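Q:
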Amino acid sequence: MIILLSSINQIFNRFFQRWKFHFYAILPHPTEAKILMLSDDENTWFLPNICINEDIHPSDFATIQKVIEKELGISANILYYAHNYDDKSKCEIHTIYVLEHNYLKKELIEKFKDASWVDLETLKNISLKLPEHKSVIQEYLTEIESSEVLELRPPWARKGWLYSAQKWIEEQLLELNYQQLYSV
33 MIILLSSINQ IFNRFFQRWK FHFYAILPHP TEAKILMLSD DENTWFLPNI CINEDIHPSD
93 FATIQKVIEK ELGISANILY YAHNYDDKSK CEIHTIYVLE HNYLKKELIE KFKDASWVDL
153 ETLKNISLKL PEHKSVIQEY LTEIESSEVL ELRPPWARKG WLYSAQKWIE EQLLELNYQQ
213 LYSV
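With the working numbering applied, the sequence shown corresponds to residues 33 to 216, in that order.
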């Protein structure tokens, strides 16, 4: 009987295994074409990341933003996801998000003073814990270095759009003599 229950449990776990969600953050430097990266004792580099066992769809930006802010201790907006891939054999989803920080330049630099800011040239000479991230990071760094954003990228996925939209809404409310009760 115990063997039968064990077999049933293994089958159940195999077919109904909970998925793990790995969220990686590309957080740009406020003034330079660099991103925040971390390294381990073996000098392999990786993006700031979190892993959760909750069912969150990779496009649920509001929930993911809250999780990223809580777990990584940063205040940021998600602009877009740069890469998403599933590892069905391990029941894992890996998503790389490009963030826009909500700090003043000085605050962000101070917050991560002990971290490493990596540019395109440095990226070529370091070993990544997840080599599949290199091309995604390289593409992003090339984009910010050249200041050429893809034309097909929607406005809300561009740096500064949310701030501009908030300012516009506040101006419209003021013009219409409405009192703003909450921040946008």
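Using N, Cα and C, we set each Cβ at its ideal position, and we do this for glycine too.
None of these values were measured; they are calculated from a predicted model.
Give the single residue among LEU213, ILE58, ASN209, ASN85 whose Cα lies nearest to the Cα of GLU124.
A: Of the listed residues, the one whose Cα sits closest to GLU124 is ASN85.
Q: Can you tell me where the alpha helix (DSSP H) with GLU175 in it begins and where it stops?
A: Looking at the DSSP string, the run of the alpha helix (DSSP H) that includes GLU175 is 166–178.
Q: For LEU70, tell me which candidate among PRO62, LEU79, THR63 has the shortest Cα-Cα distance.
A: When only C-alpha atoms are compared, the closest one is LEU79.
Q: In the structure shown, what three-state DSSP assignment does THR95 receive?
A: THR95: helix per DSSP, three-state reduction.
Q: Please state whether DSSP places ILE67 in a helix, a strand or coil.
A: Three-state DSSP puts ILE67 in a strand.
Q: From which residue to which residue does the alpha helix (DSSP H) around LYS161 run?
A: Taken as a continuous stretch (DSSP letters only), LYS161 belongs to no alpha helix (DSSP H), as it is neither H nor E.
Q: Extract the residue ranges of the alpha helix (DSSP H) inside the stretch 72–125, only unbroken runs of 4 or more that lie entirely within it.
A: Complete alpha helix (DSSP H) runs here, min 4: 93–104.
Q: Comparing C-alpha positions only, which one of ALA57, LEU68, LYS52, PHE55 sits nearest to THR154?
A: Ranking ALA57, LEU68, LYS52, PHE55 by Cα distance to THR154 puts LEU68 first.
Q: Determine the closest residue to ILE58 out of TRP149, LEU194, SER196, TYR210, with distance taken between C-alpha atoms.
A: Nearest of TRP149, LEU194, SER196, TYR210 to ILE58, Cα basis: TRP149.
Q: When we look at the beta-carbon of ILE201 and count the other beta-carbons within 10 Å, is it buried (16 or more) or exposed?
A: Per the 10 Å Cβ criterion, exposed.
Q: What are the start and end residues of the alpha helix (DSSP H) that includes LYS199?
A: 193–207 is the span of the alpha helix (DSSP H), which, as asked, contains LYS199.
Q: For PHE55, report the span of its beta strand (DSSP E) as first-last.
A: It spans 52–58 - the beta strand (DSSP E) in which PHE55 sits, taken as one unbroken run.
Q: My output table needs one value for GLU132: the three-state DSSP class, helix, strand or coil.
A: In this structure, GLU132 counts as strand in the three-state DSSP scheme.
Q: Taking the alpha-carbon of ILE128 as reference, which of ILE96, TYR195, LEU152, GLU142 has the nearest alpha-carbon?
A: Of the candidates ILE96, TYR195, LEU152, GLU142, the one whose C-alpha sits nearest the C-alpha of ILE128 is ILE96.
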